[in-house]
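Visitor: The structure follows.
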Amino acid sequence: MALDNIRLEVMNTVEKQVDGFIEKYLIPVEDIWQPTDLLPNLQGENYMDELTQIREEAKELEYDFWVVLVADMVTEEALPTYESWLMDMEGVKQHGKSQGEENSWSKWVRHWTGEENRHGDTLNKYLYLSGRVNMREIEKTTQYLINDGFDIGTGRDPYKNFVYTSFQELATNISHKRVGQLAKKKGNKMLGKMCNIIAGDEMRHYMAYREFVKTIFEHDPSEMMLAFHDMMKRKIVMPAQFLRESGQGIAEAFENFSNAAQRLGVYTTYDYIEILEKLNAYWEIDKMRSLTDEAEKARDYLMKLPDRMRRIAGRMAIPEDQHIFKWVEANGRL
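Going by numbering that gives the first Met the number 0, the sequence shown opens with residue 0, and the numbers climb by one from there.
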C-alpha cells in the first residue's frame with residue numbers, strides 16, 4: 000500500500016476517537032472564558048479607572064517585554080494561516096459523506112481555531128488600551144504575516160503536522176506563562192492573569208496533540224518515528240518565522256524578536272531542548288520496539304539529540320543590543 004494510503008487509513012482509524020478528544024481537551028463556548036472577562040468593562044461606571052490602571056501599570060514594563068508581547072500577539076492573530084494549513088492535511092475533509100455531515104478531524108480544527116482565536120483578540124485589545132505601542136505598525140505586521148503564510152516543512156503529512164503542533168503548543172504555553180510571570184512581577188496583575196489563562200489553553204491543546212501522536216504510534220510506529228525524526232532534523236520553526244515590519248523583506252524581524260525573547264528568558268534554546276525531551280519521554284521513544292531498521296536509526300538519533308543540542312547551545316551567544324522596532328519606537332526606549 001502506498002505511504003499516503005497508509006497514513007489516510009491510520010487517520011481514519013484515529014478519527015473515531017476525535018470526538019472524545021474534543022470533549023476531553025476543549026471547552027464548550029458557553030463555558031469557556033472570553034476576552035471581555037479579562038479586560039475593562041467599558042459599559043461599567045468605573046471603566047476610566049480601569050483604563051488608567053492599565054496605562055499606569057504598563058509604564059513599568061521594559062522595552063524587550065513589549066517587543067515580545069507584540070510578536071506573541073501577532074503570532075496568535077495569524078490564525079487564518081494555521082487553520083487553512085491544518086484543514087489541508089491528509090485525512091481532514093471539510094464535510095463527511097453527505098452534505099452537511101461534519102468530518103471529526105475538521106470539527107477538531109474548527110473548534111481548536113475557535114479557542115485559539117480568543118488569544119489574539121485578548122492581547123490585541125490589551126495592547127491597544129495600554130497606549131505603549133504603535134498599533135498601526137503592529138496591524139501592518141499582522142497583515143504581512145498572514146499574507147506571507149509559512150512553510151514548516153510538513154506538507155500535507157498529518158504525522159509531521161502533529162509533531163509540529165505538539166511541539167509548538169508547549170512552546171507557546173511556556174512563552175505566555177513566562178510573559179505573565181514577568182508582568183505580575185512588575186505589578187501588572189491584569190496582564191499577568193491574561194497570559195496565564197492563555198497559557199492554560201495552550202497546555203490543553205498540547206496535551207491533545209501529543210495524544211494524537213501517541214495514538215498514531217500505536218498503529219504505525221515506524222512511519223511515525225521517521226516523521227518525528229524528520230521534523231527534529233530539519234528543526235521546528237516558529238509560526239512567526241516570516242515576521243516583518245513595514246518596509247522590510249519577509250522574515251527580517253524574526254531574529255531580532257527571537258533575541259529579545261532569549262534576553263528576557265521567555266523562550267530559549269534550552270526550552271526547545273526540554274520540549275524535545277518531554278516529547279521523547281511521553282511517547283516513550285526509548286521503549287519502541289518492532290521498528291524497521293530505518294526507524295531504529297531514527298529513534299537513536301532522537302534519543303541522542305538533546306545532549307548534542309546542549310553542547311551546541313552552550314557555545315551560543317545572545318546579542319545584547321536591542322533592535323528598535325517600529326511597533327514600540329513611537330514611545331521611545333522604555
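Glycine included, each C-beta is placed from N, C-alpha and C at the ideal position.
Remember, it's a predicted structure, so these values are computed and weren't measured experimentally.
Could you tell me which uninterrupted beta strand (DSSP E) segments, each at least 3 residues in length, are contained entirely in the segment 203 to 264, listed from first to last along the chain?
Guide: Correct list: empty.
Visitor: Quick check: the segment 211 to 220 against the segment 278 to 291, are at least 3 beta-carbon pairs closer than 8 Å?
Guide: yes
Visitor: Would F324 and W282 qualify as a contact pair, given that the criterion is a beta-carbon distance under 8 Å?
Guide: no
Visitor: Is W111 helix, strand or coil by DSSP?
Guide: helix
Visitor: Could you round the C-beta distance between L25 and E114 to whole angstroms and report it? I think they count as a contact, below 8 Å.
Guide: 6 Å between Cβ atoms; contact.
Visitor: Since S174 is in the alpha helix (DSSP H), which residue starts that stretch and which ends it?
Guide: Counted as a single uninterrupted DSSP element, the alpha helix (DSSP H) harbouring S174 occupies residues 157 to 184.
Visitor: In or out: M0 buried (at least 16 other Cβ within 10 Å) or exposed?
Guide: Confidence is the limiting factor: at M0 the pLDDT is only 47, short of 50, which leaves the residue's position unreliable and the question unanswerable from this model.
Visitor: Between M287 and P220, which are expected to be in contact by the criterion C-beta below 8 Å, what is the C-beta distance as a whole number of angstroms?
Guide: 6 Å
Visitor: Thinking L78 and V108 are a contact (beta carbons under 8 Å), I'd like their distance in whole angstroms, please.
Guide: About 11 Å; that fails the 8 Å criterion.
Visitor: Give the straight-line distance between the Cα atoms of M88 and L7, rounded to the nearest whole angstrom.
Guide: A direct Cα-to-Cα measurement between M88 and L7 gives close to 10 Å.
Visitor: State the Cα-Cα distance for the pair A259 and K15, rounded to the nearest angstrom.
Guide: Near 43 Å, if we compare the C-alpha coordinates of K15 and A259.
Visitor: Note down, in chain order, each residue of its chain lying with its Cβ closer than 7 Å to the Cβ of K159, except the 5 sequence neighbours on either side.
Guide: Same-chain partners within the cutoff: T153, A226, D229, M230.
Visitor: Would you mind sorting P39 into buried or exposed? The rule is 16 or more other CB atoms within 10 Å of its CB.
Guide: Under the 10 Å beta carbon count, P39 is surrounded by 16 or more other beta carbons and is classified as buried.
Visitor: I'd like to check one pair, P34 with K124: are the Cβ atoms closer than 8 Å?
Guide: Yes, the pair counts as a contact, with Cβ atoms nearer than the cut-off.
Visitor: Using DSSP with H/G/I as helix, E/B as strand and the rest coil, what is N330?
Guide: Note that N330 scores 48 on pLDDT, short of 50, meaning its location in the model is unreliable; the coordinates nonetheless yield the value given after this. It is helical.
Visitor: Going by beta-carbon coordinates alone, are D48 and L263 separated by less than 8 Å?
Guide: In this structure, L263 does not lie closer than 8 Å to D48 by Cβ.
Visitor: Check for me: the alpha helix (DSSP H) holding F64 runs from which residue to which?
Guide: 62 to 76
Visitor: For T141, which residues in the same chain have their Cβ closer than 6 Å to its Cβ, ignoring the five residues on either side in sequence?
Guide: V73, E76
Visitor: I'd like to check one pair, A182 with G191: are the Cβ atoms closer than 8 Å?
Guide: yes
Visitor: If I'm right that Q335 touches A250 with Cβ under 8 Å, what's the distance once you round it to whole angstroms?
Guide: Nothing can be reported for residue 335: it is not among the residues displayed for the chain, which extend from 0 to 333.
Visitor: Assuming M223 contacts R298 under a Cβ cut-off of 8 Å, what Cβ separation, rounded to an integer in Å, is found between them?
Guide: In fact, because the Cβ distance is near 11 Å, the residues do not count as touching under 8 Å.
Visitor: Any idea if V28 is buried or exposed, counting beta-carbon neighbours within 10 angstroms, 16 or more meaning buried?
Guide: Looking at its Cβ environment, which holds fewer than 16 other Cβ atoms inside 10 Å, V28 is exposed.
Visitor: Take D270 and list the residues in its own chain whose beta-carbon comes closer than 8 Å to its own, dropping the five residues that flank it on each side.
Guide: A170, I173
Visitor: Beta-carbon within less than 8 Å of V104's beta-carbon, same chain only, minus the 5 sequence neighbours each way: which residues are those?
Guide: What sits at residue 104 in the sequence shown is Trp, not Val. Hits under 8 Å: M10, E14, V17, M88, G90, V91, K92.
Visitor: Taking C-beta to C-beta, are T121 and L37 nearer than 8 Å?
Guide: yes
Visitor: Who are the near neighbours of L126 in its chain, counting only those whose CB is closer than 8 Å to its CB and skipping five residues on each side?
Guide: L68, V69, M72, V132, M134, I137
Visitor: Please identify the residue among E82, K303, A294 whose C-alpha is closest to the C-alpha of I272.
Guide: The residue with the shortest Cα to Cα distance from I272 is K303.
Visitor: Does the Cβ of K184 have 16 or more other Cβ atoms within 10 Å, making it buried, or fewer, making it exposed?
Guide: exposed
Visitor: Assuming H218 and T80 are in contact, meaning their beta carbons sit under 8 Å apart, how far apart are those beta carbons, in whole angstroms?
Guide: Between T80 and H218 the Cβ distance is about 29 Å, and since that is not below 8 Å, they are no contact.
Visitor: Would you kindly check if the distance between the Cβ of V178 and the Cβ of V265 is under 8 Å?
Guide: yes
Visitor: Is it right to say D156 is buried, meaning 16 or more other beta carbons lie within 10 angstroms of its own, or is it exposed?
Guide: D156 comes out buried.
Visitor: Any idea what DSSP makes of G130, helix, strand or coil?
Guide: coil
Visitor: To which residues of the same chain is W32 closer than 7 Å at the C-beta, ignoring the five residues directly before and after it?
Guide: I196
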